[in-house]
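See structure below.
Chains as they are written, first to last, in full-length UniProt numbering: chain A, 1 to 328; chain B, 1 to 328.
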């Protein structure tokens, strides 16, 4: 856990300062954790983007409030450090989770550059919250369920080729994808590029959900498909969820199956496994079964690599059983 | 939002049944949201894995409690549906977030197969919670910060080639990666394969954090590197976080930079942009700048694709400005 000791460049404060990075979750009172509320209550100073300050206004009486605008993350972190050096307890608030495109990373970068260490007299605590991908997903059904990723389309700090390479990789490998910062007044083309990249791998009718202001008064949910993503109504407060190749929309709910149909007759529950499969055991196409299959096939690494869409060197290594023991 | 009407195959119940899929977060009282507590309080019946039932035991007085073991997710969903058809309010509890490798997906699969629709008299609500990747991240510093993904190493329901392909794609594209279900008594080889795949792309000294039982009494945090991942102590209750190529560990904290160093002199805050960069604007290597650069370069799509590690057809399309308007 993160702990505390003496600050480097100020005289010791009478009481120990503290910085709490608080994830508010989606921004409704009901979805705050008890720890998030307690951390804000504990704070002398609360710093955050004006929308988040407003969201928790009734918890802020008597506290110093510093409102910062969107592009001032580093300044907020520096201000928090200054107050903490004076012995104050500071809550830096973010919507969602502070660790997800939030204040946690920048704050540590600033703290380290300023000579702070976890042994310093300033304690740092990160209070986790549900991120937009979880809260938006909860409103549309069960789109995540299986392997997923989050990609920010903001190129304010990240080169476009890096973003494009990531989009292509996850579209190829069939992840459910949450796009953060999908579009703004100045950045309207990145979502078009993202669509183009996804269409290299994903069907045009792939389900897409667009959720704006989850759990807040102006909440809005829309479903569309990959084909129409570029012209969809998407703004600064939207999160875009792109389904994988198994995701379906039914009765207004977006659901990504967990894979039970690979093993069970779903409606009959866990008693009804399909032929050759066992409850609680790896699939016949799980690691051990797959290794047996490819080793018994007599086929080349190149052929198998093409069939399974895996790197050839990886398949070549897999074809060679380790000396001695059978695969587990 | 998800709503309610008449069930298909039972006589109408006197009161409307309800199924609430509740994410408990990491499993400490402090990290429950107000809505999660309220949903459990509202329930007549609470169904869940015995560990989660125990975690919220003090909220369960007077309720019907159904404990299920790990591989009985479909059965739990069927039982919830039965109770809800009788007009009961049922809370299906998961640790973390119900939508992330949790009960939400399987529950909807079961409900749809049983003929339920959102207009049925059984309302379904998903109460989001912070998932393991967020709560584990909060304990080790700020490892997520930038684009990340979650991959389950469980091949009980997913073919190994699918998992391997995903691991390779995200290692190549430099995501921070959270491995769920990394290892168990029966599945000890998958983590070794994952390490091998990552080493194709990531340095051997890439930081890795292993967090067990986050925010619970037996919490344990360990740092290691990719090189030593295969022999690390990892169990059923562990989440593994693998850093990207910029992630560093310093003073016992794992931090992935947000990219501020691409634009700013970090210690001086937002006033000190590096040459050619502007606060609040895309990087010079953002989409518009990159398109200008490649179009002015005179180089072929093949050369540029190799340099930027992007698909050649994507680069070829990008080299051609759309007729008329300049890129936004």
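Positions of the beta carbon are idealized from the N, C-alpha and C atoms, including for glycine. It should be emphasised that the depicted structure is a prediction, and the values quoted were computed from it without experimental measurement.
Beta-carbon proximity check, residue i vs residue j, cutoff 9 Å
i, j, result
"residue 17(B)", "residue 85(B)", "yes"
"residue 344(A)", "residue 132(A)", "There is no way to answer for residue 344(A), as the model of chain A reaches only from 1 to 328."
"residue 256(B)", "residue 174(A)", "no"
"residue 176(A)", "residue 145(A)", "yes"
"residue 158(A)", "residue 286(B)", "yes"
"residue 130(A)", "residue 129(B)", "yes"
"residue 136(A)", "residue 178(A)", "yes"
"residue 64(B)", "residue 37(B)", "no"
"residue 308(B)", "residue 239(B)", "no"
"residue 247(A)", "residue 251(B)", "no"
Neighbour flag for residue i against chain A, beta carbons, 9 Å
i, result
"residue 316(B)", "no"
"residue 231(B)", "no"
"residue 347(B)", "Absent from the structure is residue 347(B), since the part of chain B shown begins at 1 and ends at 328."
"residue 353(B)", "Outside the displayed range of chain B (1 to 328) lies residue 353(B), so it cannot be described from this structure."
"residue 303(B)", "no"
"residue 95(B)", "no"
"residue 92(B)", "no"
"residue 101(B)", "yes"
"residue 223(B)", "no"
"residue 308(B)", "yes"
"residue 80(B)", "no"
"residue 151(B)", "yes"
"residue 45(B)", "no"
"residue 209(B)", "no"
"residue 73(B)", "yes"
Proximal residues to residue i (C-beta, below 8 Å), its chain only, five neighbours per side dropped
i, result
"residue 204(B)", "225, 226, 227"
"residue 140(B)", "209, 211, 221, 223, 241, 253, 254"
"residue 35(B)", "127"
"residue 245(A)", "174, 202, 203, 206"
Cβ shell of residue i (< 6 Å), same chain only, five flanking positions each side left out
i, result
"residue 39(B)", "20, 22, 91, 127"
"residue 77(B)", "106, 107, 110"
"residue 98(A)", "21, 23, 104, 126"
"residue 166(B)", "151"
"residue 213(B)", "219, 237"
"residue 183(A)", "191, 234"
"residue 95(A)", "24, 27, 52"
"residue 311(B)", "none"
Burial state of residue i (16 or more Cβ within 10 Å)
i, result
"residue 278(A)", "exposed"
"residue 302(A)", "exposed"
"residue 102(B)", "buried"
"residue 168(A)", "buried"
"residue 274(B)", "exposed"
"residue 58(B)", "exposed"
"residue 56(B)", "buried"
"residue 100(A)", "buried"
"residue 147(A)", "buried"
"residue 187(B)", "buried"
"residue 259(B)", "buried"
"residue 320(A)", "exposed"
Cβ of residue i within 9 Å of any chain B Cβ
i, result
"residue 4(A)", "The pLDDT assigned to residue 4(A) is 34, lower than 50, so where the model puts this residue is not dependable; a value taken from the coordinates is nonetheless given after this. No, no contact with chain B."
"residue 337(A)", "This structure cannot speak to residue 337(A), because chain A is shown only from 1 to 328."
"residue 243(A)", "no"
"residue 255(A)", "yes"
"residue 146(A)", "yes"
"residue 220(A)", "no"
"residue 300(A)", "no"
"residue 172(A)", "yes"
"residue 55(A)", "no"
"residue 23(A)", "yes"
"residue 40(A)", "no"
"residue 127(A)", "yes"
"residue 252(A)", "yes"
"residue 347(A)", "In the structure displayed, chain A extends from 1 to 328; residue 347(A) sits before or after that span and is not available."
"residue 109(A)", "yes"
Beta-carbon proximity list for residue i, same chain, < 7 Å, skipping 5 on both sides
i, result
"residue 172(B)", "201"
"residue 74(A)", "106, 110"
"residue 318(A)", "291, 294"
"residue 362(A)", "Absent from the model: residue 362(A). The displayed extent of chain A is 1 to 328, so no value can be given."
"residue 229(A)", "191, 195, 208"
"residue 41(B)", "59"
"residue 15(A)", "87"
7 Å Cβ cut-off: residues of chain D touching residue i
i, result
"residue 287(B)", "No chain D appears in this structure, whose protein chains are A and B."
ask   = Does the stretch 142-153 of chain B come close enough to the stretch 41-56 of chain A to have 3 or more Cβ pairs within less than 8 Å?
value = no
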